[in-house]
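Participant: Heads up: take any position in the sequence shown, counting from 1, add 3, and you land on my numbering.
Ideal placement from N, C-alpha and C gives every residue a C-beta, glycine not left out.
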Amino acid sequence: MTTSATYTPVRQVSAWRETLRLVLSYALLFLIALIFLYPFVLAITTSFKTLPEINERPVALIPQTFTLEGYQRMFALNVGRWALNSLLIATIVTVSNVLLSALAGYALTRIAFPGSRVVFLAIIGTMMIPGIVQLIPMFIVLKSLNMIDSYSGLIAPKMVTAFGIFLMAQFFEAIPREIEEAARIDGASRFRTFFQVVLPLARPAIVALIIFSFQGSWNEFMHPLIVITTNQDLYTLPLGLAFLRGGLGQNLQWNALLAGSMLTTLPMALIFLFFQRYFIEGISYSGVKG
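1. Would Asn223 and Val201 be called neighbours here (beta carbons separated by less than 8 angstroms)?
2. From this set, Leu266, Ser119, Tyr154 and Ala185, which residue's C-alpha is nearest Leu228's C-alpha?
3. Measure from the alpha carbon of Leu102 to the alpha carbon of each residue in Met131, Asn58 and Val210, then state which is nearest.
4. Hey, is the region 230 to 246 in contact with the region 94 to 101, meaning 3+ C-beta pairs nearer than 8 angstroms?
5. Could you check what DSSP says for Ala177 in three-state terms: helix, strand or coil?
6. Would you grab the beta carbon distance between Leu212 and Leu170 for me? Rounded to a whole angstrom, and I think it's under 8 angstroms.
7. So is Arg20 buried or exposed if we call it buried at 16+ other beta carbons inside 10 Å?
8. When you compare each of Leu54, Thr239, Leu273 and Leu80 to Gly156 by their alpha carbons, which one comes out closest?
9. Given 8 angstroms as the limit, is there contact between the region 136 to 155 and the region 191 to 200, that is, 3 or more CB pairs closer than that?
10. Short of 7 angstroms in beta carbon distance, which residues of its chain neighbour Trp85, apart from the five on each side in sequence? Order them along the chain.
11. Take Pro203 and list the residues in its own chain whose beta-carbon comes closer than 6 angstroms to its own, dropping the five residues that flank it on each side.
12. Identify which residue in Ala262, Met162 and Phe194 has its Cα closest to the Cα of Gly219.
13. What is the rounded straight-line gap between the Cα of Thr112 and the Cα of Ala172?
14. By the three-class DSSP mapping on this structure, what secondary structure does Pro140 have?
15. For Leu91, I'd like the list of residues in its chain whose CB is within less than 8 angstroms of its CB, leaving aside the five on either flank, ordered along the chain.
16. Is Asn149 buried or exposed, if buried means 16 or more other CB atoms sit within 10 Å of its CB?
17. Counting only the same chain and skipping the five closest in sequence on each side, list residues whose C-beta sits under 6 angstroms from that of Phe123.
18. Ser216 by DSSP, collapsed to three states: which one?
19. Under DSSP, the alpha helix (DSSP H) around Ser192 begins and ends at which residues?
20. Using the rule of at least 16 other Cβ atoms within 10 Å of the residue's Cβ for burial, across every protein chain shown, is Tyr41 buried or exposed?
21. Assuming Leu261 and Ser50 make a contact with CB atoms under 8 angstroms, what is their CB distance in whole Å?
22. For the alpha helix (DSSP H) that contains Met77, what are its first and last residues?
23. The alpha helix (DSSP H) with Ala115 in it runs from where to where?
24. Span of the alpha helix (DSSP H) holding Pro160?
25. Check each candidate in Leu276, Ile214 and Leu247 and name the one with the smallest Cα separation from Ala264.
26. Using three-state DSSP, classify Gly293 as helix, strand or coil.
27. Quick check on the burial criterion: 16 or more other C-beta atoms within 10 angstroms. Buried or exposed for Met77?
28. Decide if Asn58 is buried, meaning its Cβ has at least 16 other Cβ atoms within 10 Å, or exposed.
29. Please classify Phe217: is it buried, with 16 or more other beta-carbons within 10 angstroms of its beta-carbon, or exposed?
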């Protein structure tokens with residue numbers, strides 16, 4: 004009886020401390036989440052405000068009067084065309100990057116040829132070169148090929164990436180070779196083995212690469228900036244919104260600009276929200292070598 008009476012308060016104190024620790028931890032996480040979400044929520048609500056209200060109540064979360072004039076002005080400024088350009092370019096770049104990166108990653112990990120390791124290390128080495136350093140050489144090459152102010156100039160340089168090859172190669176390394184050998188024994192060719200056996204197993208890495216590729220292409224600013232010099236009909240959303248902000252000067256319409264920003268941001272947020280499980284699996288598996 005004495006032992007039970009002695010230890011019961013200690014257990015209760017420990018339980019209260021654990022509960023208090025959890026409450027404080029979740030409260031801190033909730034506060035951090037609010038800090039990060041506040042600018043995003045403010046941008047959404049401000050896109051539904053009138054211009055006078057934006058000037059009078061710039062940080063108010065709830066508009067006094069909901070209006071769609073920002074979105075109406077946005078589409079009147081050719082933003083719809085820029086959104087279609089971004090969608091077209093991002094889709095083509097994503098499909099080509101996934102396919103070509105998967106083929107290259109499979110070849111480098113499964114097909115033995117002289118210098119394969121050197122080629123792989125050289126590809127990985129390009130990831131250490133800052134993208135800003137490549138802008139001028141890329142512009143010179145594209146200009147010599149007459150690809151300035153064209154869709155081909157926007158798409159071709161991004162059709163395959165070193166990161167995509169690295170991601171797929173690391174994932175293929177984790178797939179047991181016995182699976183492919185069994186398919187080859189059954190008479191499947193190397194291409195059939197790749198497309199019908201290996202590629203379906205790499206779904207987590209493929210989804211992760213799709214998210215990375217689409218997000219990178221959708222949000223790309225510097226590359227379209229050097230490729231598109233005169234034709235505004237070829238602008239992508241980030242480039243077009245930057246043009247609107249600089250071109251309108253003192254007449255900048257914040258509700259229209261933020262409406263365009265929402266059009267740029269929401270697709271990426273929704274894609275990551277629905278595919279985050281595959282995204283995390285792909286990143287996790289790609290770091291495991293078999």
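Facilitator: Considering the structure as presented:
1. Position 220 of the sequence shown, counting from 1, holds the residue named residue 223. Position 198 of the sequence shown, counting from 1, holds the residue named residue 201. The amino acid occupying residue 223 in the given sequence is Glu; Asn does not appear at that position. No; because the gap between Cβ atoms is not below 8 angstroms, this pair is not in contact.
2. Counting from one through the sequence shown, the residue named residue 228 turns up at place 225. Measuring from the Cα of Leu228, the nearest candidate turns out to be Tyr154.
3. By 1-based counting over the sequence shown, the position of residue 102 is 99. A check of alpha carbon separations from Leu102 across Met131, Asn58 and Val210 identifies Val210 as the nearest.
4. At 8 angstroms Cβ cutoff, the stretches do not touch.
5. Translated into positions along the sequence shown, residue 177 becomes position 174. Here DSSP, grouped into helix, strand and coil, assigns Ala177 to coil.
6. Residue numbering aside, residue 212 sits at position 209 when the sequence shown is read from its first letter. Residue numbering aside, residue 170 sits at position 167 when the sequence shown is read from its first letter. So it is a contact: roughly 6 angstroms between Cβ atoms.
7. One-based indexing of the sequence shown puts residue 20 at position 17. Exposed.
8. Here the question's residue 156 lines up with position 153 in the sequence shown. The closest CA to that of Gly156, considering only Leu54, Thr239, Leu273 and Leu80, is found on Thr239.
9. No, the region 136 to 155 does not touch the region 191 to 200.
10. By one-based count along the sequence shown, residue 85 stands at place 82. So the qualifying residues of the chain are Tyr238, Thr239, Leu240 and Gly243.
11. By 1-based counting over the sequence shown, the position of residue 203 is 200. Once the five neighbours on either side are set aside, Pro203 has no close Cβ partner at all.
12. Sequence index remark: in the sequence shown, residue 219 carries index 216 (1-based). Minimum Cα distance to Gly219 is reached at Met162.
13. Walking along the sequence shown from the start, residue 112 turns up at place 109. Walking along the sequence shown from the start, residue 172 turns up at place 169. Distance from the CA atom of Thr112 to the CA atom of Ala172, rounded to whole angstroms, is 6 angstroms.
14. Position 137 of the sequence shown, counting from 1, holds the residue named residue 140. If DSSP states are grouped into helix, strand and coil, Pro140 belongs with the helices.
15. Numbered from its first residue, the sequence shown carries residue 91 at position 88. If you ignore the 5 residues before and after Leu91, its C-beta comes within less than 8 angstroms of the C-beta of Tyr154, all in its own chain and listed in chain order.
16. Sequence index remark: in the sequence shown, residue 149 carries index 146 (1-based). With fewer than 16 other Cβ atoms from the protein chains shown falling within 10 Å of its own Cβ, Asn149 counts as exposed.
17. By 1-based counting over the sequence shown, the position of residue 123 is 120. The residues are Leu111.
18. The sequence position of residue 216 within the sequence shown is 213, counting from 1. Here Ser216 carries a helix assignment [DSSP, helix/strand/coil].
19. Taking the first residue of the sequence shown as position 1, residue 192 is located at position 189. Run containing Ser192: none; DSSP gives neither H nor E here.
20. Position 38 of the sequence shown, counted from the first residue, corresponds to residue 41. By the 10 Å Cβ count, Tyr41 comes out exposed.
21. Within the sequence shown, residue 261 is the residue found at index 258, counting from 1. Within the sequence shown, residue 50 is the residue found at index 47, counting from 1. That belief holds up - the Cβ atoms of Leu261 and Ser50 are roughly 4 angstroms apart, short of 8 angstroms.
22. As a working note, residue 77 is residue 74 in the sequence shown. Per DSSP, Met77 belongs to the alpha helix (DSSP H) from Glu72 to Ala79.
23. Here residue 115 corresponds to residue number 112 of the sequence shown, with the count starting at 1. That residue, Ala115, is in no alpha helix (DSSP H); it is neither H nor E in DSSP.
24. Start at 1 with the first residue of the sequence shown, and residue 160 comes out as number 157. Per DSSP, Pro160 is not a residue of any alpha helix (DSSP H), being assigned neither H nor E.
25. Your numbering for residue 264 matches position 261 in the sequence shown. Rather than Ala, the amino acid found at residue 264 in this sequence is Ser. Of the candidates Leu276, Ile214 and Leu247, Leu247 places its Cα closest to the Cα of Ser264.
26. Here residue 293 refers to the residue found at position 290 when the sequence shown is read from its first residue. Below a pLDDT of 50, predicted positions are generally treated as unreliable, and Gly293, at 43, falls in that range; the measurement from the model is reported next regardless. In this structure, Gly293 counts as coil in the three-state DSSP scheme.
27. Sequence index remark: in the sequence shown, residue 77 carries index 74 (1-based). That one is buried.
28. By one-based count along the sequence shown, residue 58 stands at place 55. Exposed is the call here.
29. Numbered from its first residue, the sequence shown carries residue 217 at position 214. Counting Cβ neighbours within 10 Å, Phe217 comes out buried, since at least 16 surround it.
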